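Heads up: the structure comes next, in C-alpha cells.
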Amino acid sequence: MEKNQLIRMDNMGIVVASLDNAISFFTEIGLKLEGRATIEGEWAGKVTGLGNQHVEVAMMVTPDGHSRLEISQFLSPVTISDHREAPVNSLGYLRVMFTVSDIDELLPRLQKHGATLVGEVVQYEDVYKLCYIRGSEGLLIGLAQELHKK
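If you count by our numbering, then the sequence shown holds residues 3 to 152, one letter each, in order.
This is the structure:
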C-alpha cells in the first residue's frame, strides 16, 4: 500500500464579524468571489464540533485560481473568542500573505477600507518589498511585491 501523499492545500479559513465587509476588503486586494452560501444543520456541526450551527460562507479565489480563502460569519453559535488584535508573535495561525504587483499603489486603496500599516513597508535585498497590515476587522495580512532586477 502506498503512503498517503498531500495533493494540495484547498483553502485558508478566516472567521469574521461582517462577511460583506470582508468580501469588499479582499476584493480590493484582488481576490474574486467564487461563491457564497449558508451552511447549517447537524451535519456541519459534526465537522466543527460546534453542534447545530448556522454560518454564512464566502469562498474567495486568487486570480490564478490556485489559492482560496474561505471567509465565515457564524450566526450561531455565538463567537466566544477573538484573536484579531493579537500581536505578530502570538501562538497559532498568524496571517495570510498575498503577492501583489504594487504595494505602494494598493495600500491607499486598502486604507479606505480601514487597513492600517503594522510596521513599515520594507525591502528585502533586491527580492521583495514587504509589509504587514491590519485589514478588515483587524485581521493580520501580509503583502509582498516581487522585485525584478533590471
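Each residue gets a CB set at the ideal place from its N, CA and C atoms; glycine is no exception.
These figures come from a predicted structure and were not determined experimentally.
Residue i: buried (16+ other C-beta within 10 angstroms of its C-beta) or exposed?
i: residue 92; result: exposed
i: residue 60; result: buried
i: residue 135; result: buried
i: residue 82; result: exposed
i: residue 9; result: exposed
i: residue 52; result: exposed
i: residue 77; result: exposed
i: residue 49; result: exposed
i: residue 145; result: buried
i: residue 108; result: buried
Per DSSP, what kind of secondary structure is residue i in: helix, strand or coil?
i: residue 111; result: helix
i: residue 135; result: strand
i: residue 140; result: helix
i: residue 105; result: helix
i: residue 50; result: helix
i: residue 74; result: strand
i: residue 85; result: coil
i: residue 150; result: coil
i: residue 99; result: strand
i: residue 8; result: coil
i: residue 145; result: strand
i: residue 119; result: strand
Return the first residue and the last residue of the beta strand (DSSP E) that residue i is part of.
i: residue 43; result: 34 to 43
i: residue 21; result: Not the beta strand (DSSP E): residue 21 falls in the alpha helix (DSSP H), residues 21 to 31.
i: residue 16; result: 14 to 17
i: residue 129; result: Premise fails: residue 129 is in no beta strand (DSSP E) and is neither H nor E.
i: residue 55; result: 55 to 63
Ordered along the chain, which non-local residues of its own chain (more than five positions away) have a Cβ less than 8 Å from that of residue i?
i: residue 169; result: Residue 169 lies beyond the stretch modelled for the chain, which goes from 3 to 152, so this question has no answer here.
Given residue i, which residues of its chain have a CB within under 6 Å of its CB, disregarding the five upstream and five downstream residues?
i: residue 27; result: 115, 137 and 138
i: residue 117; result: 135 and 137
Taking 7 Å as the limit between beta carbons, can you name the residues of its chain near residue i, skipping five residues before and five after?
i: residue 141; result: 16 and 86
For the region 36 to 46 and the region 90 to 109, state whether three or more C-beta atom pairs, one from each stretch, are separated by less than 8 Å. no
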